[in-house]
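For our numbering, count along the sequence shown from 1 and bump the result up by 126. The structure appears below as structure tokens.
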Amino acid sequence: MTLRIYGIAASRAIRTLWMAEELGLAYEHVPIHYRDDPDGPLGKNGADFRQASPLGRIPAIDDDGFRLCESMAINLYLARKHGGGLWPATLAGEALAYQWSFFAVTEIDGPMVEWASHAIVLPEDKRDPARASDALGRLQAPLAAVDSALARSPWLAGEAFTVADLNLAAAMFRARRMDHAARPHLARWLGECFARPAARRAWAMRGE
Ligand SMILES: N[C@@H](CCC(=O)N[C@@H](CS)C(=O)NCC(=O)O)C(=O)O
Numbered sequence: 127m128t129l130r131i132y133g134i135a136a137s138r139a140i141r142t143l144w145m146a147e148e149l150g151l152a153y154e155h156v157p158i159h160y161r162d163d164p165d166g167p168l169g170k171n172g173a174d175f176r177q178a179s180p181l182g183r184i185p186a187i188d189d190d191g192f193r194l195c196e197s198m199a200i201n202l203y204l205a206r207k208h209g210g211g212l213w214p215a216t217l218a219g220e221a222l223a224y225q226w227s228f229f230a231v232t233e234i235d236g237p238m239v240e241w242a243s244h245a246i247v248l249p250e251d252k253r254d255p256a257r258a259s260d261a262l263g264r265l266q267a268p269l270a271a272v273d274s275a276l277a278r279s280p281w282l283a284g285e286a287f288t289v290a291d292l293n294l295a296a297a298m299f300r301a302r303r304m305d306h307a308a309r310p311h312l313a314r315w316l317g318e319c320f321a322r323p324a325a326r327r328a329w330a331m332r333g334e
């Protein structure tokens with residue numbers, strides 16, 4: 127086994143599990159849970175894991191001795207290494223893959239987690255509708271930008287599904303629960319991303 131993926135599927139590790147499934151890679155999944163006893167058998171204080179993820183965050187990988195953390199960086203690396211259509215064919219496509227990956231982290235991830243926590247994930251008595259509403263407000267401009275990009279091109283880096291689509295879609299999987307009537311291009315794209323067999327296999331690991 128050359129590739130080890132650290133992190134339970136019900137975490138941002140789903141992004142890397144989806145990529146590995148897209149690429150058809152053989153991998154060992156080490157389901158470290160960020161809430162487990164850090165010093166337990168699959169705890170985040172394990173020396174091997176900590177070499178890959180200095181802050182103890184998931185996902186992280188060990189690829190035949192090369193260790194890496196940060197979900198977007200991991201996926202860009204795996205797509206570049208293995209190709210298979212997931213890595214854009216042109217320099218401009220590569221630049222768009224970086225753009226949408228950074229966009230996912232800087233513009234989407236924070237408010238999407240906040241919205242999902244207070245609209246879907248937390249027990250109802252722990253949800254704060256004001257926080258959900260504020261996060262949804264902060265998502266409007268970024269989601270409109272994604273819709274506009276997808277009005278011009280079927281996929282984010284051109285004519286085919288690539289790591290650009292996977293990285294952004296994986297960061298907004300909770301957005302499938304939003305009303306996208308005003309964002310038809312985004313709605314089409316999100317549906318197509320999550321209809322992919324590899325996405326279905328990855329989300330099945332979460333029981334979804
Ligand atoms: N920017 C990082 C975020 C990683 C992250 O925060 N992961 C969460 C789980 S989804 C985690 O490990 N939390 C536990 C902790 O922060 O100690 C990435 O995209 O990989």
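The beta-carbon is built from N, C-alpha and C at its ideal position, and this holds for glycine as well.
In angstroms with no decimal places, state the Cα-to-Cα distance between Leu194 and Ala301.
27 Å
C-alpha distance - Lys252 paired with Ala215, whole-angstrom precision
46 Å
How should Pro185 be labelled, buried or exposed, when 16 other C-beta atoms within 10 angstroms of its C-beta is the threshold for buried?
buried
Gly182, DSSP secondary structure in three states
coil
Please go through the stretch 217–298 and give each complete alpha helix (DSSP H) segment of 4 or more residues, from N-terminal end onward.
217–229, 236–242, 255–278, 289–297
Just to confirm before moving on: does the CB-CB distance between Ala88 and Glu148 stay below 9 Å?
Any question about residue 88 goes unanswered here, given that the chain covers just 127 to 334.
Can you tell me whether Phe175 is buried or exposed, with buried defined as 16 or more other CB within 10 angstroms of its CB?
buried
As assigned by DSSP and simplified to three states, the class of Glu154
strand
At what residues does the alpha helix (DSSP H) containing Leu149 begin and finish?
139–149
Evaluate Phe228 with the Cβ neighbour count: other Cβ atoms within 10 Å of its Cβ, from every protein chain shown; 16 or more gives buried, anything less gives exposed.
exposed
Backbone secondary structure at Leu129 - three-state DSSP:
strand
With a threshold of 6 Å on Cβ separation, who are the neighbours of Ala146 within its own chain once the five nearest residues in sequence on each side are excluded?
Tyr153
Can you list, in chain order, the residues of its chain with a C-beta nearer than 7 Å to that of Ala198? Leave out the 5 residues immediately preceding and following it.
Residue 198 is actually Met in this sequence, not Ala. So the list reads Ser227, Ala230, Val231, Asn293, once near-sequence residues are dropped.
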